[in-house]
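What follows is one structure encoded as structure tokens, with my remarks underneath.
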Amino acid sequence: MDAIEALTSRSSAKSFGDMTPTRDHIDTILRAAVRAPDHGRLRPWRFMLIEGEQRAKFGDILAASALRRTPNLSAGDLQRERDKAKRAPLIILVACRIVPGTKVPAIEQLMAVGAATQNILLGLHNFGYAAAWKTGEAAYDPEVKKSLGLNSDDHIVGFVYAGGGLGALFAPGKPAVLEDAMLSFPG
4 MDAIEALTSR SSAKSFGDMT PTRDHIDTIL RAAVRAPDHG RLRPWRFMLI
54 EGEQRAKFGD ILAASALRRT PNLSAGDLQR ERDKAKRAPL IILVACRIVP
104 GTKVPAIEQL MAVGAATQNI LLGLHNFGYA AAWKTGEAAY DPEVKKSLGL
154 NSDDHIVGFV YAGGGLGALF APGKPAVLED AMLSFPG
């Protein structure tokens, strides 16, 4: 798949199948991630692979976060939070560790990590895996960061769900319309 084909055909998945991306593919994808534009060469990205039995523990972390936000959450809603961790065989947590004391503003460091996340999605697509970038309220919960061993001032940019095999279908999505995104220079 060439770069333009990958860019124009990538779509967020609605299901992921049960095949975990191979270690070789993950290594290549993460090497592509760290090639994202990085003003100041600060390398603010951090990645964590959550797979196998780790997903159950991650599900418990998500459920605890939901319970802190809504103490009277029903048992069914609590289970739905736990089940989010089992949507895909692999979750790549992408975080930004802001490098202080540089001329590069925090927003530019966060955008670099966003670009790295897009590279992860494109890499997964290139190898034929289904993927989706998710956040949700848990991504902004300080206790979630603590439970995952992140620093309190780290930013969880997203959870990339990925998998392949039977059932990994891409959501059709509505086609992007370039004209809707175009602005005219004033005057």
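In terms of my numbering, the sequence shown is residues 4 to 190.
Each residue gets a CB set at the ideal place from its N, CA and C atoms; glycine is no exception.
With respect to the C-alpha of residue 14, the residue from 20, 114, 132 and 88 having the closest C-alpha is 132. With a contact defined as Cβ atoms closer than 8 Å, residue 23 and residue 161 miss out at about 19 Å. Counting along the chain, no alpha helix (DSSP H) covers residue 76, and no H or E run does either. In the DSSP annotation of this structure, the continuous segment of the alpha helix (DSSP H) that includes residue 61 starts and ends at 57-72. In terms of CA proximity to residue 85, 67 leads the group 101, 114 and 67.
DSSP lists 94 and 135 as the beta-bridge partner residues of residue 164. Residue 52: member of the beta strand (DSSP E) spanning 48-54, first to last residue. Here residue 29 carries a helix assignment [DSSP, helix/strand/coil]. From the listed residues 94, 65 and 91, the smallest Cα separation to residue 81 is found for 65. A distance below 7 Å between beta-carbons, with the five flanking residues on each side excluded, links residue 116 to the following residues of its chain, in chain order: 47, 48, 97, 99 and 160. Measuring C-alpha to C-alpha distances from residue 17 to each of 118, 108 and 137 identifies 137 as the nearest. Counting along the chain, no alpha helix (DSSP H) covers residue 4, and no H or E run does either.
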